[in-house]
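Enquirer: Quick one: structure below, then a few questions.
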Amino acid sequence: MEGMPLAIAGLTDEEYAQMMGWLKQGAHVAVSPVILTDAELDEIQHWENLLNQPDHRHQLVARWLYEHLFLAHLYFETPSPAPRFFELVRSYTPSGEPLKPVSTRLPNQDPEKPFYYRLRPVTGSIVHKRHITLDFSRQTRERVKTLFFSEAWSVDALPGYDYSHRANPFMTFAAIPARAKYQFMLDNAQYFTRTFIRGPVCRGQIATDVIRDHFWVLYQDPDKDLFVTDADYRSRVSPLLGLPGQDDDLLEAGTNWDKYRDQRNRYQDHRQRAYREFAPDWASIQSIWDGEGYNKNALLTVFRHFDSASVQQGLVGRVPQTIWWMDYPLFERSYYELVVNFDVFGNVAHQLQTRLYFDLIRNGAEHNFLRLLPANERRSLLDDWYQGMGAIKTHISYAALDEQTRSADAYENKDKPSKKILANRLFAEFNAINAQDNDVLNRCFGHDCFRPLQPEWIQQTDVRLAGISSISSPALPGLRYLPEITFLRVRSDDMRTVYSLIRNRAHSNVAFLFGESLRRQPEADYLTVYPGIAGSYPNFIFDIPADEVGQFTLALKQADNETKFEQMVLRWGVRRTHPDFWKIFHDFTQWQREQQPLEAGIFDANRYENL
Numbered sequence: 150m151e152g153m154p155l156a157i158a159g160l161t162d163e164e165y166a167q168m169m170g171w172l173k174q175g176a177h178v179a180v181s182p183v184i185l186t187d188a189e190l191d192e193i194q195h196w197e198n199l200l201n202q203p204d205h206r207h208q209l210v211a212r213w214l215y216e217h218l219f220l221a222h223l224y225f226e227t228p229s230p231a232p233r234f235f236e237l238v239r240s241y242t243p244s245g246e247p248l249k250p251v252s253t254r255l256p257n258q259d260p261e262k263p264f265y266y267r268l269r270p271v272t273g274s275i276v277h278k279r280h281i282t283l284d285f286s287r288q289t290r291e292r293v294k295t296l297f298f299s300e301a302w303s304v305d306a307l308p309g310y311d312y313s314h315r316a317n318p319f320m321t322f323a324a325i326p327a328r329a330k331y332q333f334m335l336d337n338a339q340y341f342t343r344t345f346i347r348g349p350v351c352r353g354q355i356a357t358d359v360i361r362d363h364f365w366v367l368y369q370d371p372d373k374d375l376f377v378t379d380a381d382y383r384s385r386v387s388p389l390l391g392l393p394g395q396d397d398d399l400l401e402a403g404t405n406w407d408k409y410r411d412q413r414n415r416y417q418d419h420r421q422r423a424y425r426e427f428a429p430d431w432a433s434i435q436s437i438w439d440g441e442g443y444n445k446n447a448l449l450t451v452f453r454h455f456d457s458a459s460v461q462q463g464l465v466g467r468v469p470q471t472i473w474w475m476d477y478p479l480f481e482r483s484y485y486e487l488v489v490n491f492d493v494f495g496n497v498a499h500q501l502q503t504r505l506y507f508d509l510i511r512n513g514a515e516h517n518f519l520r521l522l523p524a525n526e527r528r529s530l531l532d533d534w535y536q537g538m539g540a541i542k543t544h545i546s547y548a549a550l551d552e553q554t555r556s557a558d559a560y561e562n563k564d565k566p567s568k569k570i571l572a573n574r575l576f577a578e579f580n581a582i583n584a585q586d587n588d589v590l591n592r593c594f595g596h597d598c599f600r601p602l603q604p605e606w607i608q609q610t611d612v613r614l615a616g617i618s619s620i621s622s623p624a625l626p627g628l629r630y631l632p633e634i635t636f637l638r639v640r641s642d643d644m645r646t647v648y649s650l651i652r653n654r655a656h657s658n659v660a661f662l663f664g665e666s667l668r669r670q671p672e673a674d675y676l677t678v679y680p681g682i683a684g685s686y687p688n689f690i691f692d693i694p695a696d697e698v699g700q701f702t703l704a705l706k707q708a709d710n711e712t713k714f715e716q717m718v719l720r721w722g723v724r725r726t727h728p729d730f731w732k733i734f735h736d737f738t739q740w741q742r743e744q745q746p747l748e749a750g751i752f753d754a755n756r757y758e759n760l
């Protein structure tokens with residue numbers, strides 16, 4: 150309805166002539182074989198040797214690793230003019246022979262005959278949405294050996310690939326030490342969180358409406374996680390951690406859902422009692438994983454962009470309405486329900502059960518975070534998160550809130566909300582691993598609202614953009630006309646830098662599949678200014694000379710009607726019909742290749758709006 154292709158500016162005369170000449174010559178595409186370096190071949194050999202050891206312990210760990218890394222774009226520490234990426238696959242042929250991939254819809258389905266784990270180069274264009282990277286260097290291999298094989302444990306018999314083994318990874322991989330599994334996920338927390346926040350499952354409004362537009366993610370320290378530290382507790386609760394969606398019989402969907410929801414709520418009740426009895430002092434900021442003092446995966450920020458989402462390292466933006474505190478059972482269930490067991494070709498019953506169960510996981514992570522706050526304040530916070538009909542759902546679908554176990558941290562300042570006190574403690578306690586440091590663009594309370602290590606013209610741009618960040622809709626009228634994710638290119642002479650303007654849309658609750666528009670609270674929307682790239686689907690682009698950024702921010706503050714916003718778009722906007730649309734659009738990929746080569750990929754234009 151908008152034209153082909155996507156109502157975007159056509160080819161130039163020169164591009165058209167080049168295209169026609171190429172077609173006239175036969176449209177030949179030269180396919181160059183991938184030539185691997187000796188260093189890459191050596192890394193591949195070492196990994197395939199490790200993953201294909203014949204003993205049961207190595208086979209079980211290799212299966213667990215494969216099911217956790219099949220989406221990854223893996224990279225080695227090898228010299229190269231541009232990063233090269235690899236993927237882990239199952240093949241019917243061993244190392245040294247041409248690959249013959251095992252083709253199953255899910256990574257934990259039965260290959261039906263002997264197979265081997267193999268690494269192969271990722272070929273073709275790197276698309277940002279699909280490009281979820283993970284370090285697969287020698288250091289990672291040594292870490293795997295230390296985590297999984299340094300202590301004694303045994304496997305009597307390898308698990309199969311039937312319904313029960315796919316539905317409950319805690320039982321399937323029970324022989325592997327829980328600490329090893331959880332620690333590996335923590336080491337690479339951004340990768341794993343991206344797989345279910347940015348991966349195939351998180352596509353479309355109904356899928357993303359299960360999360361808030363902006364929240365932080367924290368992780369429970371392995372030493373303060375009963376599932377990791379207490380074998381008896383682990384054996385009691387593991388049978389309750391099965392995941393729905395394996396049985397996709399539409400007529401049985403309701404019965405299956407009731408079964409798994411009730412199991413999860415029984416687990417949640419059991420968990421609360423166990424922590425109250427055996428670990429009452431673990432409801433403390435000291436129980437948050439600190440990244441061992443250096444790992445910046447420990448603190449993450451998630452942004453929802455209406456029908457897609459993104460994950461950034463560090464605590465970005467103002468203190469959000471909700472914060473998640475994930476333990477190992479929450480983290481692993483999120484991954485298996487939304488990545489391993491998610492079937493992109495699954496029917497309505499499968500999709501529905503997947504979406505509904507993640508609603509329970511989100512609620513569990515929120516309840517866990519509330520344990521850090523004073524017991525008498527938890528109910529009012531939860532009621533704020535689940536306003537309207539959401540309050541009814543807290544009594545019907547969710548487990549009971551723990552309002553008895555006290556927080557081990559003191560909250561003596563009655564003049565400041567406890568959540569804000571806790572946030573300030575997070576900034577202070579974890580400053581060394583907070584990738585955003587103090588996020589001066591969104592949390593600036595003084596005069597130095599800029600990144601000190603940047604050139605002066607970027608510092609001046611930071612200051613001007615900080616003037617519109619974290620402001621709610623009434624004080625920033627133009628926000629109501631901005632889409633969810635806007636890319637901003639700022640130019641100074643022959644230099645440029647980029648920002649992402651993120652509109653965080655407020656809701657009374659995110660507890661239901663449908664009716665999002667009925668739960669919107671646009672007056673509470675606010676803007677986050679992210680220095681760099683956030684999101685894979687830019688909704689719009691503004692291209693601004695550095696000396697006009699102040700005029701841009703002022704115009705956004707004054708754009709209280711569509712006519713004024715239209716004037717902004719005409720002056721600085723890059724509409725689809727802009728003659729340099731593709732040149733500007735792809736320059737964001739080029740900027741990321743220069744600044745963040747491991748993360749760079751082609752952005753998707755199919756959600757680009759013509760403001």
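Position in the sequence shown (from 1) plus 149 gives the number in the numbering used here.
C-beta atoms are modelled at their ideal positions from N, C-alpha and C, and glycine is treated no differently.
1. Does the Cβ of P687 have 16 or more other Cβ atoms within 10 Å, making it buried, or fewer, making it exposed?
2. Which residues share a DSSP beta bridge with L255?
3. Should D370 go down as buried or exposed, given a rule of 16 or more other Cβ atoms within 10 Å for buried?
4. CA-CA distance, S436 and L505?
5. Starting from S529, trace the alpha helix (DSSP H) both ways and give me its first and last residue.
6. What separation, rounded to the nearest whole angstrom, lies between the Cα atoms of T702 and L628?
7. Does A301 come out as helix, strand or coil in the three-state DSSP assignment?
8. Have a look at Q603, R290, Q700, E216 and flag the residue whose alpha-carbon is nearest the alpha-carbon of Y254.
9. Rounded C-beta distance between A655 and D674? I'm assuming under 8 angstroms.
10. In angstroms, rounded to a whole number, what distance separates the CA positions of A749 and D597?
11. List the residues that DSSP assigns as beta-bridge partners of W365.
12. Of all the options A338, N562, V304, which has the alpha carbon lying nearest to the alpha carbon of I281?
13. Near P604, what residues of its chain come up, given a Cβ to Cβ distance below 7 angstroms and the 5 sequence neighbours on each side ignored?
14. G539: buried (16+ other C-beta within 10 angstroms of its C-beta) or exposed?
15. Going by DSSP, what residues sit across from V678 in a beta bridge?
16. Using a 10 Å radius around the Cβ and a threshold of 16 neighbouring Cβ atoms, would you call H735 buried or exposed?
17. With 16 other CB atoms within 10 Å as the buried threshold, where does N710 fall?
18. Taking the alpha-carbon positions, what's the E426 to D381 distance?
19. Can you give, in chain order, each stretch of the alpha helix (DSSP H) that sits fully within the stretch 404-437 and has at least 4 residues?
20. Should the stretch 304-314 be called in touch with the stretch 187-197, which here means at least 3 C-beta pairs below 8 angstroms?
21. I need the boundaries of the beta strand (DSSP E) containing F235, first residue and last residue.
22. Less than 8 angstroms between the CB atoms is what I'm expecting for T635 and A695, so what's the real figure, rounded?
23. From which residue to which residue does the alpha helix (DSSP H) around V497 run?
24. In chain order, what residues of the same chain lie with their CB nearer than 8 angstroms to the CB of A581, ignoring the 5 residues before and after it?
25. Flag this pair as yes or no: are the beta carbons of P746 and E481 separated by less than 8 angstroms?
26. I'd like to confirm the pairing. Which residues does DSSP put opposite M644 in its beta bridges?
27. According to DSSP, L268 sits in a beta bridge with which residue or residues?
28. I'd like the list of long-range same chain contacts for S433, defined as Cβ closer than 6 angstroms, with 5 residues on each side in sequence excluded.
29. Looking at the strands, I want to know which residues DSSP matches up with Y224.
30. Could you give the distance in angstroms between the alpha-carbon of L501 and the alpha-carbon of S457?
31. What does S459 pair with, by DSSP beta-bridge criteria?
32. I want to know whether the stretch 459-468 touches the stretch 518-531 - three or more CB-CB distances under 8 angstroms.
33. Whole angstroms is fine: what's the gap from R422's alpha carbon to W731's?
34. Report, in whole angstroms, the separation of the C-beta atoms of C351 and T342, which I expect to be a contact under 8 angstroms.
35. Under the DSSP definition of a beta bridge, which residues are partnered with I778?
Expert: Reading from the atomic positions:
1. buried
2. BP columns for L255 are empty, so no partner.
3. When all chains shown are included, D370 counts as buried.
4. 29 angstroms
5. 527-534
6. 11 angstroms
7. coil
8. Checking the displayed sequence, the identity of residue 254 turns out to be Arg instead of Tyr. The shortest CA-to-CA distance from R254 to any of Q603, R290, Q700, E216 is the one to E216.
9. Contact annotation, A655 with D674: C-beta distance approximately 6 angstroms; criterion of less than 8 angstroms satisfied.
10. 30 angstroms
11. Partner(s): T450, I472.
12. A338
13. none
14. buried
15. Bridge partners of V678: L650.
16. exposed
17. exposed
18. 14 angstroms
19. none
20. With a cut-off of 8 angstroms, the stretch 187-197 and the stretch 304-314 do not count as touching, because too few Cβ pairs lie within range.
21. That run of the beta strand (DSSP E) goes 235-240.
22. T635 to A695, Cβ: 18 angstroms. No contact.
23. 497-519
24. G442, Y443
25. no
26. S641
27. L237
28. If you ignore the 5 residues before and after S433, its C-beta comes within less than 6 angstroms of the C-beta of A557, D558, all in its own chain and listed in chain order.
29. Beta-bridge pairing links Y224 to D284.
30. Computed Cα separation, rounded: 18 angstroms.
31. F452
32. With a cut-off of 8 angstroms on Cβ pairs, the stretch 459-468 is not in contact with the stretch 518-531, counting fewer than three such pairs.
33. Approximately 58 angstroms, taken between the alpha carbons.
34. No, C351 and T342 are not in contact; Cβ-Cβ is about 11 angstroms, not under 8 angstroms.
35. For the chain, the structure presents residues 150 to 760; residue 778 sits outside this window and is missing.
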